[in-house]
Structure formats: C-alpha cells, structure tokens
Amino acid sequence: MKKLLRIILIVVIAAVALIGQRWYSYVTNMTDPFDEVGINLQSYMPAPLRHWGCMQLKQNFGNKTLPPYGCQSPDSGTKWVD
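Just so you know, we're using the working numbering here: the sequence shown kicks off at 380 and counts up by one.
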C-alpha cells in the first residue's frame with residue numbers, strides 16, 4: 380500500500396511540475412501570447428497566478444498586440460486588465 384501511495388504521489392508531483400513549467404514558459408515568453416495551450420493553462424490557474432501571468436504578458440507585449448483571452452479588461456476586449 381505504501382508503495383502505491385508513493386507512486387501516486389510521484390506521478391502527481393511530476394504532473395504539477397510539468398504543467399507549472401509549461402504555464403510559466405507561456406507567461407514569460409517573448410514570441411506568442413496567443414498560444415492555445417498557454418491560454419488554457421492560464422484560465423485554470425488561481426486568481427493571483429492568473430493576475431501575475433497577465434501582468435507578465437502585458438509587460439512583454441504591451442501595446443504591440445491585443446491581450447489574449449483572460450487578460451482583457453472587463454470594460455473593453457481590446458485593453459489589458461489592470
């Protein structure tokens with residue numbers, strides 16, 4: 380039983396690490412704010428991490444492009460969330 384729990388724990392930790400790394404590489408990238416996988420991962424993150432991710436994307440892309448889904452201001456879909 381302990382061996383099974385250890386294997387499950389290792390698999391869960393590995394999955395969290397892979398998903399976290401993929402999300403982090405999306406929000407800190409400099410090439411494509413419209414990566415579909417990154418946008419989906421961004422939408423699953425807790426609110427503080429989503430906000431931080433949007434601020435990172437805004438810092439990297441700013442006025443160069445429209446904000447990706449989830450980082451748009453509630454007032455206008457063409458402005459970044461603050």
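Each residue gets a CB set at the ideal place from its N, CA and C atoms; glycine is no exception. None of these values were measured; they are calculated from a predicted model.
Counted as a single uninterrupted DSSP element, the alpha helix (DSSP H) harbouring Trp431 occupies residues 426 to 440. When C-alpha distances from Pro427 are compared across Gly449, Thr410, Met409, the shortest belongs to Gly449. Distance between Asn439 and Trp402, taken at the CA atoms: about 15 Å. With at least 16 other beta carbons inside 10 angstroms of its own, Pro446 counts as buried.
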